[in-house]
Every structure is written in structure tokens, then in C-alpha cells.
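Asker: For any residue, its number in my numbering is found by taking its place in the first sequence, counting from 1, and adding 6. First the structure, which I've put down as C-alpha cells, then a few questions once you've had a look.
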Amino acid sequence: MLDIKFIRENKELIAEGAKKKHLKFDVEALIKADDERKALTLLVEEKRAKQNEASKRLPSMKDALEKKNLLEDMKLLKDELQKEEEKMKEVMKVWQALMLQVPNIPDMSVPEGDSDADNVEVRAWGEKPNFTYRPKDHIELMEKLDLADFEIGAKVAGFRGYFLKNEGALMEFALWQFVMDFFREKKSEYKLLFVPSLVRRETLLGTGYLPQGEDDLYKTQDNDYLAGTAEVATMSYNADKVLDKKDLPIKKLAFSPCFRREAGSYSKDVKGLYRLHEFYKFEQVIWCEASHEKSVALHEELLSNVEELLQALNLPYHVVANCGGDLGLGQVKKYDVEVWRPSQNKYGETHSCSYFHDFQCRRLNTRYKDDDGKMKFAHSLNNTALATPRILIQIVENNQQEDGSIKIPEVLRKYMGGAEYIGKKS
RNA sequence: GGAGGAGUGUCGGAGUGGUCUAACGAAACAGUCUUGAAAACUGUCACCUGGGAAACCGGGUCGUGAGUUCGAAUCUCACCUCCUCCGCCA
């Protein structure tokens, strides 16, 4: 959500931003609704002022007739007021629905484009492995080594279901341990937070996943939702709070299971561990003061944390700046980090790093008192720290050996009993 | 699942139909005192919103929403959250 005053004063910016994001949004319709809102507010407030004034006089009135007349007048006023308030409710409904649809304005540096095909590479790191044979994909590798079972996965959990087995499961746990240790040792200002996945609707409205993303969310019979990311509960942790400026920026490393319906992606990545209904994610989340410069600096920090992590795992990756059409409603700018997938001879997304300015905190009502004594909405940012089991794809594929075994990344070995390989026949 | 109680500003907390303009306290900020700090004292101090250059003036907000009333923090209903007791389970 944006400030209506800002919207009114910058409607060209809003329109341009929506266009850059390839979103349809009619600013003029909002302005019109806001005009109505303002006009009606004026009428209603005028009547209320009259009512308040009478209310103040009434108790001390001695003249019975005069009092009776005033009461009659007030009854009439009340009827009119009720009619206007009814109208006001209708206008507000329209107004609020439109307000929830206003896209945040993308940063100047966001490249033009329609889809992820138009994202622009910022930099690449690491050596892509050279194979003397056609590299196998993770499905084949993992099934051969009995690290995963997709057939029974589908039988038990339905489409996109999976089991992780043996060292496959062990490596998932190893990665979790690794991430936690990595942050605890090197980024200790990111505090661990284990968050709920089963959340209320307001949390998803607040983070900007609703009202637009209804189809991609699982919903329970109690009208709760399964969140697709720990960001939702984490951001909501500070909903309706006034943060102490001294504590900013607040940095969290949040963990949760994640659930996504993946509606509309039925033909994409139907096999393997890439696109799952159920997975696990460590998410970096930051609140900072309302400053564009601070947001930008922390955005880069979130990105560099992940680069460090991937470098420790020795995975070749590149960073792309997402184009306007690939940005979410609230995002100002986004980097995706994509790790090399030898079997497909291309990069596959593993991390998504974005900042929102006050878009989320305004919806969630997360504020702090600034030095000038004014309440301000905080800024928010987030980035994946590590999502499993997706990253297993790239670990397995990049570290595969000709005999079908897998070399375990050095940093993970201590969490996997010290072994150097999975499935190496000595 | 059953019974009862509660939700007030940054925090604690008073207020049970009309000067509520929400008391009081804490925190915070400014000042006095002090070599400095603390303490003490003095002052400022809820938020959102409309108008205005400002002083100031208007409206709203007491968990959320609806209702009763000329008038609601206060009465009624529904919902949300928390607490206590009982039951059930671990």
C-alpha cells in the first residue's frame, strides 16, 4: 500500500510504475474514488460537528421546550447522517479495494521487460563444471542412489510429491545445519526465528500476497492459509507494533515449511525437486528505518550474504536484476540468484532478494518513532537464505561423478558423518 | 468441548451513558542543578485525518465489526485475542 497523498501528487509516477511492471492499474479510478471519499467526508464531518456541539449543550439546558426542539432537530440530523454514512461505506469499499491494488513504484535501475526472460545478468561467479559425458539430471542421479523417491511421492502426497531418503534426507538436514552455523558464526546479527506456516488471512494481505494471489495459496476449513514463505509470519511478527528506532535495523533468519499450490504452472518443471507444493526455507528478513539509501544498502547486504553462502558451497551462480514485468506488486527492486544446472545447461533460480520501501509495513502497520517525534512506517526487505530441497538439485548435479556418485561439498561433510562421496564404490 | 473474566495511547493503568478536552504513573525529549553522570526539580509529550504559511480550527480512534441512543471507552450482539477453572489429550 502507498500513501494516498503521495499517490495523488504523483499519479504519473504510479501509472509509469504500473506500466513498467506490466500491471493494469487505473490511477484515475482511484483518484475519482478518493475525490468522492473526500467530498463525503466533508459532509459527514460537518454533521458530526453539529451533533457534538448539541451533545455538549444538551445536559445543561434548562428550558424544556428548547431542549425538546433540539432533540427533534438532532433526530432529523441523525437520519441524514446515517444515509450519508451508508454511502460513505460503499465508497470506502471501492476505495480500499483499489488501494490494495496500487503497485509500488519500481526503482530507476530496474530493467525494462516483460518476463524473467528479460532479466539482466549482473554478475556471474564460479566455474561451470566440464563433463566428458552428458551430465545426468538430479532425478536420475538421486533415484539411482536411492536418495529420493518421486513415484511413491506422487502416490502418497499427490502431484509434485516427493520423499527424500538416506543421504538425500541427511543432506537436507546438513544444509539446514550449515545455514544456521554460517549465520551464527558470520552474520550473528540475524536472529533465528522459527515461524508458523499456518497463518491468518491478514498476514497475507499485509505482506502483499493477497488479495491477488488467492489461487496460489492453500486454505483450511477455518479460513486460515498455508504460507508460501516464512516472510509472511516473520513480517507479521511486528504487525501493529511501534519499533524502537534504536533497534533498527532488525535482522532475522526465519525458518518454516512452505506451501505453494503452483496454480498455473502445470506444464512447468513437473518432475523432480524444482517446483514443489511443500518445501523448507530459511529466509532473511529485515526491517530498517524509512530511508531509500538504507534499504538499498541492506538489499545489497542480503544479496552478498547469499553469494558468500553459495561460494562456501562452491556452486556456480549468477545474479540477475529482475525486469519490471517480473516484479511483485510491492517490490521496488529484486535480484534473483540462479545456480547452474548442468543437466539443463542453464541457471535455475534458488534465491529471490527484494526490498519494498514501506509498502509492507504500511499494510501491516509496523512503525517507529523517528528523531523528529513523528511516527513513520518502517522499510522492509527479504531474501532467501536457502531453500531446500531445491538446492539439492544443483548440489547433486554439479558434483556428480562419471560413475554416478556424488561428491559432497566440503562444508557439508562434517554434518554428514565426514563422508566425501555419496555412492562411491571403493 | 464447557463455565467465567479481560482487552484503554510507546508501556503500566484509572474511567461503567453527557466538561473524556481519556486521570495518574513510567519511559522518552528539552531545561535547571552538577566537574561529569545519577538523583531531584521544571517543562513538553497518544495516534490517524481534513483545512491552514503558521497560530489554530474540525473529524475520527479505547481489540474488530455491527446495533441501541439526541449522545457510547461505558449498554447489546457477533467475531478476534489473552487469562482462570473444568473436561479431553500428550
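Every residue gets a Cβ at the ideal spot worked out from N, C-alpha and C, and that includes glycine.
Quick check: what's the CA-CA separation for V402 versus K413?
Answerer: Counting from one through the first sequence, the residue named residue 402 turns up at place 396. Counting from one through the first sequence, the residue named residue 413 turns up at place 407. Answer to the nearest angstrom: the Cα atoms are 8 Å apart.
Asker: Grouping DSSP H, G and I as helix and E and B as strand, with all else coil, what is P65?
Answerer: Looking up residue 65 in the first sequence gives position 59. Helix at P65.
Asker: Can you give the Cα-Cα distance for Q88 and K62, rounded to whole angstroms?
Answerer: Taking the first sequence and counting its residues from 1, one reaches residue 88 at position 82. Taking the first sequence and counting its residues from 1, one reaches residue 62 at position 56. Roughly 20 Å separates the two Cα atoms.
Asker: Determine the closest residue to K44 out of E157, W101, Y280 and D376, with distance taken between C-alpha atoms.
Answerer: Your numbering for residue 44 matches position 38 in the first sequence. The shortest Cα separation from K44 among E157, W101, Y280 and D376 belongs to W101.
Asker: Which residue or residues does DSSP assign as beta-bridge partners of P263?
Answerer: Here residue 263 corresponds to residue number 257 of the first sequence, with the count starting at 1. Answer is Y286.
Asker: Among E90, N75, D32 and M148, which has the Cα closest to the Cα of G278?
Answerer: On the first sequence, residue 278 is found 272 positions in, with the first residue counted as 1. Among E90, N75, D32 and M148, the Cα nearest to that of G278 is on M148.
Asker: Let me make sure I understand the geometry here. Which of A236, T209 and L176 has the alpha-carbon closest to that of L198?
Answerer: Start at 1 with the first residue of the first sequence, and residue 198 comes out as number 192. L198 has its Cα closest to that of A236, out of A236, T209 and L176.
Asker: DSSP three-state call for E426: helix, strand or coil?
Answerer: The count along the first sequence starts at 1 and reaches residue 426 at position 420. Correct three-state label for E426: coil.
Asker: Got a sec, what are the start and stop residues for the alpha helix (DSSP H) Y280 sits in?
Answerer: Locating residue 280 in the first sequence gives position 274, counting from the first residue. Run containing Y280: none; DSSP gives neither H nor E here.
Asker: Considering only the beta carbon of each residue, do L204 and D230 sit closer than 7 Å?
Answerer: For this step, residue 204 is matched to residue 198 along the first sequence. For this step, residue 230 is matched to residue 224 along the first sequence. Their beta carbons are under 7 Å apart, which means L204 touches D230 by this criterion.
Asker: Between which two residues does the beta strand (DSSP E) harbouring M98 extend?
Answerer: Mapped onto the first sequence, residue 98 falls at position 92. Here M98 belongs to no beta strand (DSSP E); instead the alpha helix (DSSP H) covers A70 to M105.
Asker: Starting from Y353 and walking both ways along the beta strand (DSSP E), at which residues does that stretch end?
Answerer: For the purposes of this step, residue 353 is taken as the residue at position 347 of the first sequence. Start and end: K352 to Y361.
Asker: My understanding is that P141 touches F285, with C-beta atoms under 8 Å, so please give their C-beta distance in whole angstroms.
Answerer: For this step, residue 141 is matched to residue 135 along the first sequence. For this step, residue 285 is matched to residue 279 along the first sequence. Actually they do not touch by this definition, with Cβ atoms about 24 Å apart.
Asker: For S242, which residues in the same chain have their Cβ closer than 8 Å to its Cβ, ignoring the five residues on either side in sequence?
Answerer: Looking up residue 242 in the first sequence gives position 236. If we look at S242 and ignore the five residues flanking it on each side, its Cβ neighbours are V205, E208, T209, G212, T213 and L370.
Asker: Exposed or buried, L181, counting other C-beta atoms within 10 Å across all chains shown (16 or more means buried)?
Answerer: In the first sequence, the residue the question calls residue 181 occupies position 175. Per the 10 Å Cβ criterion, buried.
Asker: Let me know the secondary structure DSSP gives Y215 once reduced to three states.
Answerer: As a first step, residue 215 is located in the first sequence; it is residue number 209 there, counting from the start. Coil, per DSSP.
Asker: Over what stretch of residues does the alpha helix (DSSP H) that includes M148 continue unbroken?
Answerer: Here residue 148 refers to the residue found at position 142 of the first sequence. Where M148 is concerned, the enclosing alpha helix (DSSP H) stretches over H144 to K150.
Asker: Tell me A154's beta-bridge partners as DSSP assigns them.
Answerer: Residue mapping note: residue 154 aligns to position 148 of the first sequence, counting from 1. Bridge partners of A154: L170.
Asker: How many angstroms separate the CA atom of E239 from the CA atom of F261?
Answerer: Numbered from 1 along the first sequence, position 233 holds the residue referred to as residue 239. Numbered from 1 along the first sequence, position 255 holds the residue referred to as residue 261. According to the sequence displayed, residue 239 carries Ala and not Glu. Computed Cα separation, rounded: 10 Å.
Asker: Can the beta-carbon of P109 be found less than 7 Å from the beta-carbon of L387?
Answerer: Counting from one through the first sequence, the residue named residue 109 turns up at place 103. Counting from one through the first sequence, the residue named residue 387 turns up at place 381. No; because the gap between Cβ atoms is not below 7 Å, this pair is not in contact.
Asker: Check for me: the alpha helix (DSSP H) holding S242 runs from which residue to which?
Answerer: Mapped onto the first sequence, residue 242 falls at position 236. Run containing S242: A236 to Y243, per the alpha helix (DSSP H) assignment.
Asker: Are E196 and L254 close, meaning C-beta to C-beta below 7 Å?
Answerer: Along the first sequence, read from residue 1 onward, the residue named residue 196 stands at position 190. Along the first sequence, read from residue 1 onward, the residue named residue 254 stands at position 248. In the sequence on display, residue 196 carries Tyr and not Glu. No.
Asker: Excluding sequence positions up to five away, which residues of its chain have a Cβ less than 6 Å from the Cβ of W346?
Answerer: To locate residue 346, count along the first sequence from 1; it is residue 340. Once the five neighbours on either side are set aside, the close Cβ partners of W346 are K134, P322 and Y353.
Asker: Using DSSP's beta-bridge definition, name the partner residues of M386.
Answerer: Locating residue 386 in the first sequence gives position 380, counting from the first residue. Note that residue 386 is Ser in the sequence shown here, rather than Met. S386 pairs with W293.
Asker: My guess is that G429 and L170 are in contact by the Cβ rule of under 8 Å, so how many angstroms apart are they, rounded?
Answerer: By 1-based counting over the first sequence, the position of residue 429 is 423. By 1-based counting over the first sequence, the position of residue 170 is 164. With a Cβ gap of about 15 Å, G429 and L170 do not count as contacting.
Asker: Does I111 come out as helix, strand or coil in the three-state DSSP assignment?
Answerer: Counting from 1 along the first sequence, the entry for residue 111 is found at position 105. Coil at I111, not helix or strand.
Asker: So what does E344 bridge to, in DSSP terms?
Answerer: Numbered from its first residue, the first sequence carries residue 344 at position 338. DSSP, once it has assigned bridges, lists H324 and E355 as partnering E344.
Asker: Using a 10 Å radius around the Cβ and a threshold of 16 neighbouring Cβ atoms, would you call M381 buried or exposed?
Answerer: Working through the first sequence from its first residue, we reach residue 381 at position 375. So M381 counts as exposed.
Asker: Leaving out the 5 sequence neighbours to the left and right, which residues in its chain are closer than 7 Å to F184 when beta-carbon positions are compared?
Answerer: Against the first sequence, residue 184 aligns to sequence position 178. Contacts found: V417, L418 and Y421.
Asker: What residue does the beta strand (DSSP E) around L249 start on, and which one ends it?
Answerer: Mapped onto the first sequence, residue 249 falls at position 243. From DSSP, the beta strand (DSSP E) with L249 extends over K247 to L249.
Asker: Helix, strand or coil for T47? Go by DSSP, reduced to three states.
Answerer: Numbered from 1 along the first sequence, position 41 holds the residue referred to as residue 47. Of the three classes helix, strand and coil, the one that applies to T47 here is helix, per DSSP.
Asker: Starting from L198 and walking both ways along the alpha helix (DSSP H), at which residues does that stretch end?
Answerer: Taking the first sequence and counting its residues from 1, one reaches residue 198 at position 192. Run containing L198: none in the alpha helix (DSSP H); it sits in the beta strand (DSSP E), Y196 to F200.
Asker: Could you tell me the alpha carbon to alpha carbon distance between L333 and E306, rounded to whole angstroms?
Answerer: Here the question's residue 333 lines up with position 327 in the first sequence. Here the question's residue 306 lines up with position 300 in the first sequence. In a straight line, the C-alpha of L333 is about 17 Å away from that of E306.
Asker: So L304 packs on C294, CB below 8 Å; how close in whole Å?
Answerer: Counting from one through the first sequence, the residue named residue 304 turns up at place 298. Counting from one through the first sequence, the residue named residue 294 turns up at place 288. Between C294 and L304 the Cβ distance is about 6 Å, and since that is below 8 Å, they are a contact.
Asker: Does the beta-carbon distance from P5 to N320 come in below 7 Å?
Answerer: Residue 5 lies beyond the range of the chain shown here (7 to 432); nothing can be said about it.
Asker: Locate the alpha helix (DSSP H) running through R369, then write down its first and last residues.
Answerer: For the purposes of this step, residue 369 is taken as residue 363 along the first sequence, with counting starting at 1. Here the alpha helix (DSSP H) through R369 covers F365 to L370.
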